[in-house]
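K.L.:
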Amino acid sequence: MHDKETIPIMASQWRQDRLQGTGLGWLQDTNYNMIDHDLICAFVERWHEETSSFHLPFGEMTVTLDDVSCLLHPPIDDMLMSHGFISRDEAMEWIEMYLGSDLGDALLEVTKTKGAHCRFGYLQRIFKDFQAVGVEERAWWCD
Amino acid sequence: MTEEVQRLLDKVVRIYLLYLVGITIFTDKSHNVVDVVYLRYFRDLDLVAGYSWGAVTLAHLYKEFNNVARWNCSQVAGYLTLLQV
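Chains F and B are the protein sequences, given in the same order. Residue numbers 1 to 143, in my numbering, belong to the letters of the first sequence in order. Residue numbers 1 to 85, in my numbering, belong to the letters of the second sequence in order.
#1: Counting Cβ pairs closer than 8 Å, one from the stretch 1 to 8 of chain B and one from the stretch 79 to 98 of chain F, do we hit at least three?
#2: With 7 Å as the C-beta to C-beta threshold (strictly closer), list the residues of the stretch 54 to 66 of chain B near chain F in chain order.
#3: If you draw a straight line from the C-alpha of E96 of chain F to the C-alpha of D105 of chain F, how long is it?
#4: Taking 9 Å as the cut-off, decide whether the C-beta atoms of V89 of chain B and D28 of chain B are in contact.
#5: Roughly how many whole angstroms lie between the Cα atoms of V21 of chain B and V56 of chain B?
#6: Along the chain, where does the alpha helix (DSSP H) that runs through R125 of chain F open and close?
#7: Does the distance between the C-beta of A55 of chain B and the nearest non-hydrogen atom of the ligand FAD fall short of 8 Å?
#8: Let me confirm a value: W47 of chain F is counted as buried when at least 16 other C-beta atoms fall within 10 Å, else exposed. Which label applies?
#9: Between which two residues does the beta strand (DSSP E) holding V48 of chain B run?
#10: Give the residues from the stretch 18 to 40 of chain B that approach chain F closer than 9 Å (Cβ to any Cβ), ordered along the chain.
#11: Please determine, among B:L45, B:F26, B:G50, B:A69, the residue with the shortest C-alpha to C-alpha distance to D77 of chain F.
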């Protein structure tokens, strides 16, 4: 979905405004390319849980909040997020209420993923279904 | 814009957001699913900006590193782009 096909759909002005308003618009401009597999392995092997840092021959090194802030520019000084696990029933209820799926679909997702999860393929499908309904045009018309 | 249409549009944005955080910040090792628990933060789209997304990105990365170190896993998840830069 986060590809050539969807970006033009999300590019409609109304949606972009809404997305930037949520403060997560920056995520669209990032990518997830694996540059060097060996580099990651080397770092991860030197990770120490007690200090949350990498122990390297020349000392300790870690990824800091400042790095995150400088590289990605997300909000870092607002409300902290805190959540535990949710049950499958709760997950189904949320999928139905917030994503507009029907309960049968929601049940299929939690069963297939064996937990309170949702497959990307499913999200792509319901996203496209919304396109087919033409919500955007109706909104435009109502404006 | 009627309230009903507004609600539908919010759902579209929520789907997109859940997918977006699933493929970037909260990646897991299956690369196939996203935890529905994050919908909690998308309930009211006006409040999404009020959360500290940077902090949670880093926390998730640390947690995934700990998992790898502790359980001797062969794969690592998390926002590895941060490590590569």
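Backbone N, C-alpha and C define an ideal beta-carbon position, used for all residues, glycine too.
P.N.:
With the given structure in hand:
#1: At 8 Å Cβ cutoff, the stretches do not touch.
#2: So the close ones are G54, A55, V56, T57, L58, L61, Y62, F65, N66.
#3: Reading the first sequence from its first residue, position 96 is the one you call residue 96 of chain F. Reading the first sequence from its first residue, position 105 is the one you call residue 105 of chain F. Computed Cα separation, rounded: 9 Å.
#4: The structure shown does not extend to residue 89 of chain B, since chain B spans only 1 to 85, so no value can be given for it.
#5: Position 21 of the second sequence, counting from 1, holds the residue named residue 21 of chain B. Position 56 of the second sequence, counting from 1, holds the residue named residue 56 of chain B. The C-alpha of V21 of chain B lies about 11 Å from the C-alpha of V56 of chain B.
#6: Here residue 125 of chain F refers to the residue found at position 125 of the first sequence. Start and end: 120 to 133.
#7: Although the ligand FAD was asked about, the structure shown includes no ligands whatsoever.
#8: Position 47 of the first sequence, counted from the start, is the residue given in the question as residue 47 of chain F. W47 of chain F is classed as buried because its beta carbon has at least 16 other beta carbons within 10 Å across all chains shown.
#9: Sequence index remark: in the second sequence, residue 48 of chain B carries index 48 (1-based). Counted as a single uninterrupted DSSP element, the stretch harbouring V48 of chain B is not any beta strand (DSSP E), since DSSP gives it neither H nor E.
#10: Hits within the stretch, in order: L18, Y19, L20, V21, G22, I23, T24, I25, T27, D28, S30, H31, N32, V33, V34, D35, V36, V37, Y38, L39, R40.
#11: For the purposes of this step, residue 77 of chain F is taken as residue 77 along the first sequence, with counting starting at 1. Between D77 of chain F and the set B:L45, B:F26, B:G50, B:A69, the nearest pair of CA atoms involves B:G50.
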